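A.B. asks: Per UniProt numbering, the sequence shown starts with residue 1, numbered consecutively.
All C-beta atoms, glycine included, are put in the ideal place defined by N, C-alpha and C.
Just so it is clear, the structure is predicted and the values come from calculations on it, not from any experiment.
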Amino acid sequence: MDAASLAQFERLCTEFYNPPNEQAQRHAHEVLTPLLNGIDSVPQLQYVLANSSNQQALVFASTALTKVATANWTAVTEQQREDMKNFMLNYLFQNCEALQNSAPYAVSFLVRFLCRIVKLSWLEGPQHQTIVSDVQKFLSASTRHWILGLDIYVQLTADIQPTVGPGMSRFRRTALSFRDIALPQIFTTAVDILTQMYEGKLRIDDKMDEFKLVKKVLQLAYNCLSFDFMETALLQSMMEGTAHLISNKVGLSDPQCLHETCRLIGRINTSSQFKELKQVPSFEMWLEQVYGFTIDAIKNWQILPNSKHYLLQFWAQLVMPIMNDKDKTPGFHTKLEDYIYTITVSSGHRAFDNVDLLGKLKIFSFSYIDSRLFLADMAARGEDSMDDEGFEDALQDEVLRGEQLDVIAQLARLNYQKTAQHVLELFGGCTSEANVNEHKLAWLVYIMGALVGGNTGSASSMRAQQQQQPSGSQPLHVINGEIAGRVFSLMNQTDANTNLPPESKDPTNLETLELSYLYFMEQFRKVYIGEHARQLSASAPPSALSRGDVSMASSENPSRVVQERVCTVLGLKDEDAILGILIKKIVTNLQHRYTLEAVLKRTLAYFYELAAGVNIVHSVDKMSPHLIISGKLLLKNDTVRHLMANHASSTLGFLHAGPKYGRYRTQYYATLGKLLFMECRDGSTSTTALETFNTFMMPQYQVLEQLWQAANTGDGSALRSEQLRLPLIGLCRDLRGICQACVSHDMYTILFNWLVDNPKQPQNCKITVFSAALNFYWDDPEVTTPLLKFVAEFVYNKAQRINFDQNSPNGILLFREASKILVAYSQRMLQREQSQPVYEDIYREKYKGIGCVLELFSNALHGNYTNFGVFELYNDNSLSMSLSLALKLCMSIPIADLMSYLKCLKPFFMFLELATRNHAKLVCEVAESAEHLAGLIRALEEGLTSFDSSVCMQCCASIDNLCTFFYDIAHTGVGSSVGGGTAATAEDVARVTQGLLVPGGPVDAELRRVLNLMLQLIMAGEFNSTWSISRPILALILMYKDTYTQAQELIVRQQPTEDRQQYVGKCFSELMVGVTDSLQTKNRDHFTRNMYHFAQAVRSTS
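This is the structure:
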């Protein structure tokens, strides 16, 4: 690059960052982007740094150098790495003043490039770990150099922290090494500077420079303290530091400092470190200070109210150690228990009738529970005076709310009865107010649910909690019964108002309250459904009787006593009535609350848990768990029986509210299907089971019959009518849910026979309705998505539920129907692609459907219920046409879109694995040119670097299948068994050896690239399954021995030291010991063992 080129480069960078118009920016982008693509551009970019003072040019060059070095680090030689680091150090030192005057914005980008070099080369030898001495010359020069040196430290300590992503394991090792070698010296530097400034020994005349220096050194100290120490910090140092902060109130007037202090205390793991903490001499004094700090924080809850739960976590973690501590110090433990109770529920005098909300907080101290209610009160009033302080309404944040409720539940275990009584008092006061605050009620219901749910756990923890209660306390189940009675009563009052017009309610407040009810029901289910309550009090020591604790009694059938007491408290007859309350609420929500989508979703999830749940219950007296199948309890309930008999009733609003709520139909019928098949399974005869199923399916049968009549009227175009569109969508969703519930062969057979009702005349079976409908609705995603998803579920052989008799043609019939649907959809989508359409929503209109149809076909190929050889034998093109169209769909997806929409297109990789496993020959035939096949291999190469491990392993399997096919044909020739057992013909051999694998061709080049990539992944330790990646690597090595030798030599040369080069070379030599030129299973397994040892060896010393 000369002066003229530099001037042009500067102009382009200016147009790129500060464009005069969009066309100029686009042109600059097109010219500059190639500089990011390879290591060859490094000298040009370094020339820019050395000779330019243009800020935009410096930003682009340093950013480009960072990206190029990160992406191509293995291609950078040892000398180049050292030269780049020295160049940047000298450049920054010599141009420090000029850069900060003329291009201050570019400085951070330049420093970032230096830090990235240090990070990437850190593990390659001691010569790359000299950053502390390198920066020392900055700290010994001018003030500007001092600031720049601290900036290097700041960015280095931030960049070297390990993050999730590629190279995570390597960078983790880098961080650990950096922590031990350099971090202590860097932190000492920060502390020394802070000490000098605090003591007045360091004075800087320029106030702006002084401000920059203080900011950098504080940020550096923060980075050092927040570094991932892997719990190596000494507890005593942590305690001394927090005690100093609290006692001297250092920075606590600043909200951010207060928040970080709360987080710091919350990170101390008192649960696992309780014994170690007790051994620290100042532990009790420190605990008193933390207690005082916590009380003050709760008093002033309006300041960062959601930071307080970090402090509560600290105290919550102390609960179990206190309960289980055998070496108790009476005074100390009593004090701890008092601390925790005070923090949880204690509150001061409450005579404050004429005081406003904030005034109340200034005058009296309130508990953490109370503070949650006042937060709700503030939110309900619409007061946002705390928004600048970081206020968030935890009722609207599920994660934050869950954290706070978990803490409250754990804290309450020490003094459960007192805590529950306090909450019940608050609840009573709230419900008796003239204007009920639904936010406060919701918080109380959430808290009551957390208290009830906090009683679950292991037998030892429950026993410890019962023993912790004071003598004469009410049994836990009686307290919980009182809590449940209050909540159920309020729930009934709320449900009684379902007939009010929608405009009479605030939907947000109602949704919040309804979600709190569902949370309580979830917690209540864990404790009191069916036999769970009986197991909680199966037996107890005789002393329990003397104090009237029936929950611990063991005589006169104590479990019955427990159940009677719960029912008595709730005013109900028996446990079935308790279950009836829960079911009634579910039905009410499905009828009247479906417009609150969050409530509908949570209700259906709760219903499914009740129907499908197998609860593992731990009793107080027995260590072995007890299993409860809650679905069987539901089938005995009259409300459930009525719902099963009227499951499609018009009163269930969400079923008839259009496609918006359609996806919830699937979950609804998956739940009912669980119950239905449970009832069928328990029936006395198969005839009874069939009658039960047919009776249940009558509403769906009527819709199916209506569609069938339309499909068989004329050309079937009557199906494309608005009157049949919604019923078709609903039927597909319903059947998918019911099919999901088929987990056994018997249940699936019932559904299969219901749809394939005339197997001797397949064209007259009801299942053909779906392929007929797809011919008319292929361009309507609202129809195609549920239809394809249903058929994908129907052909999915999960848990080997599809198992036809040997003499049955049903497997072939099922595959052919799946094939018809795939062909109908794929042909039209490919025709549409040829016209180059413009999609309004390409995900919804194209990729979601392609993902569904590929999943459908993959399930059919992988079902193991079809003999595919029959199709070729009888000249049936169902298989070949389906494979051909599916592959063409795959080839129509650009690689960029494939990775962008990976979630819905994961079946792409699953299909390629299955297609190449048994039909590799057909795959090569369908690929009309070597370029098309190379495109598929390129997609597999891209998938190898995916974060999704299943995608990576499927890509490995697909590449192995293709390479095995190529290798067998090329080395065995005509007559070899390839592509699922078929014999290779002369045409096959010619297609592979003279067409696809021609040296220098696209397929040949792609496979060589894949081999290089796989070796790099192994060397970098970025592939978890050695077995999966070893299979294709062996085939590629045998096919491309020259490429393997070149890659091996390059990797060896790239090692930092001569000893390391010899070691890696030896590892490569041992990799092929005992490996022959064969892809037989025995040879593959031997190579896999060698690869495992090779990977372990090169990673252990990297």
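1. Can you tell me the Cα-Cα spacing of Lys278 and Ala106, whole angstroms?
2. Do you know how far the Cα of Leu49 is from the Cα of Glu10?
3. Check for me: the alpha helix (DSSP H) holding Ser746 runs from which residue to which?
4. What first and last residue would you give for the alpha helix (DSSP H) that runs through Val838?
5. By how many angstroms is the C-alpha of Ser102 removed from the C-alpha of Val111?
6. Assuming Leu635 and Leu675 make a contact with CB atoms under 8 Å, what is their CB distance in whole Å?
7. Alpha carbon to alpha carbon, how far is Met323 from Thr595? Give it in angstroms, no decimals.
8. Looking at the secondary structure, which residues open and close the alpha helix (DSSP H) in which Leu889 lies?
9. How many Å lie between Trp443 and Asp682 at the Cα?
10. Evaluate Thr685 with the Cβ neighbour count: other Cβ atoms within 10 Å of its Cβ, from every protein chain shown; 16 or more gives buried, anything less gives exposed.
11. Is it right to say Ser1028 is buried, meaning 16 or more other beta carbons lie within 10 angstroms of its own, or is it exposed?
12. With a 10 Å radius around its C-beta and 16 neighbouring C-beta atoms as the bar for buried, classify Lys215 as buried or exposed.
13. Leaving out five residues before and five after Phe1023 in sequence, what residues of the same chain have Cβ atoms less than 6 Å from its Cβ?
14. Tell me whether Met1072 sits in a helix, a strand or coil according to DSSP, three-state version.
15. Given Thr242, which residues of its chain have a CB within under 7 Å of its CB, disregarding the five upstream and five downstream residues?
16. If you count every other CB in all the chains shown that lies within 10 Å of the CB of Phe1094, and 16 or more means buried, which is it?
17. Can you tell me the Cβ-Cβ gap for Val423 and Ala316, rounded? I've got them flagged as a contact below 8 Å.
18. Span of the alpha helix (DSSP H) holding Met678?
19. What is the DSSP secondary structure of Met948, reduced to helix, strand or coil?
20. Just how far apart, CA to CA, sit Met1019 and Arg1099?
21. Only counting runs of 3 or more residues, tell me where the beta strand (DSSP E) segments fall wholly within the stretch 286-317, in order along the chain.
22. Within 10 Å of its beta-carbon, does Asp968 have 16 or more other beta-carbons around it, so buried, or fewer, so exposed?
23. Do the stretch 852-861 and the stretch 808-825 meet, that is, are 3 or more Cβ pairs less than 8 Å apart?
24. Runs of 4 residues minimum, wholly inside the stretch 15-81: which ones carry the alpha helix (DSSP H) assignment?
25. Check Val1052 in the structure and name its three-state DSSP category.
26. Can you name, in chain order, every residue of its own chain whose Cβ lies under 8 Å from the Cβ of residue 1103, other than the five neighbours on each side?
27. Using three-state DSSP, classify Asn875 as helix, strand or coil.
28. Compute the distance between the beta-carbons of Phe427 and Arg372, then report whether it is under 7 Å.
29. Exposed or buried, what is Gln1062 when buried is set at 16 or more other beta-carbons lying within 10 Å of its beta-carbon?
30. Leu45 and Ala28 look like a contact to me (Cβ under 8 Å); what is the Cβ gap, rounded to whole Å?
31. Specify, as a first and last residue, the run of the alpha helix (DSSP H) that Thr261 falls within.
32. Given that a residue counts as buried once 16 or more other Cβ atoms are within 10 Å of its Cβ, and exposed if not, what is Thr294?
33. To the nearest angstrom, how far is it from the Cα of Ala450 to the Cα of Glu782?
34. Could you tell me whether the Cβ atoms of Leu513 and Glu438 are closer together than 7 Å?
35. Please state whether the Cβ-Cβ distance between Cys680 and Thr695 is less than 7 Å.
36. Go through its chain and collect everything with a Cβ distance to Ala233's Cβ below 7 Å, but skip five positions before and after it.
C.D. replies: Concretely, from the data shown:
1. Each residue's Cα considered, the two are about 51 Å apart.
2. The alpha-carbon atoms of Glu10 and Leu49 are separated by roughly 11 Å.
3. At residue 746 the sequence reads Asp, which differs from the Ser that was named. His745 to Leu755 is the span of the alpha helix (DSSP H), which, as asked, contains Asp746.
4. Boundaries cannot be given for Val838, as no alpha helix (DSSP H) includes it and DSSP labels it neither H nor E.
5. Whole-angstrom Cα-Cα distance: 16 Å.
6. Rounded, the Cβ-Cβ distance is 6 Å, consistent with contact.
7. The alpha-carbon atoms of Thr595 and Met323 are separated by roughly 46 Å.
8. Unbroken alpha helix (DSSP H) run through Leu889: Ser878 to Met891.
9. Asp682 has its alpha-carbon roughly 42 Å from the corresponding atom of Trp443.
10. Taking all protein chains shown into account, Thr685 has fewer than 16 neighbouring C-beta atoms within 10 Å of its C-beta and is therefore exposed.
11. Burial check for Ser1028: the Cβ neighbour count within 10 Å reaches 16 or more, so the residue is buried.
12. Answer is exposed; the Cβ neighbour count stays below 16.
13. Answer for Phe1023: Leu1017 and Ile1029, listed in chain order.
14. It is coil, neither helix nor strand.
15. Here the set comprises Leu264 and Ile265.
16. Under this definition Phe1094 is a buried residue.
17. Not confirmed; about 17 Å, so no contact.
18. Per DSSP, Met678 belongs to the alpha helix (DSSP H) from Gly662 to Arg681.
19. For clarity, residue 948 is Asp in the given sequence; the question names Met instead. Coil at Asp948, not helix or strand.
20. Rounded to whole angstroms, Met1019 to Arg1099 spans 7 Å at the Cα level.
21. Fully enclosed beta strand (DSSP E) runs of 3 or longer: not present.
22. Asp968 should be labelled buried.
23. Contact between the stretch 852-861 and the stretch 808-825 is present, with at least three C-beta pairs closer than 8 Å.
24. Taking only runs of at least 4 residues, the alpha helix (DSSP H) segments lying wholly in the stretch 15-81 are 22-32, 42-51 and 55-71.
25. Correct three-state label for Val1052: helix.
26. The chain is shown only over 1 to 1102; residue 1103 falls outside these bounds and no answer can be derived.
27. Residue state for Asn875 is assigned as coil, using DSSP reduced to three classes.
28. Not closer than 7 Å, so no.
29. Classification for Gln1062: exposed.
30. Not really, about 16 Å apart at Cβ, beyond 8 Å.
31. From DSSP, the alpha helix (DSSP H) with Thr261 extends over Pro255 to Gly266.
32. Of the other Cβ atoms in all chains shown, 16 or more fall within 10 Å of the Cβ of Thr294; this residue is therefore buried.
33. Taking the CA atoms as reference points, Ala450 sits about 40 Å from Glu782.
34. Yes. Within cutoff.
35. Contact: no.
36. For Ala233, the predicted model reports a pLDDT of 44, less than 50, meaning its position is unreliable; a value from the coordinates is still stated below. If we look at Ala233 and ignore the five residues flanking it on each side, it has no Cβ neighbours.
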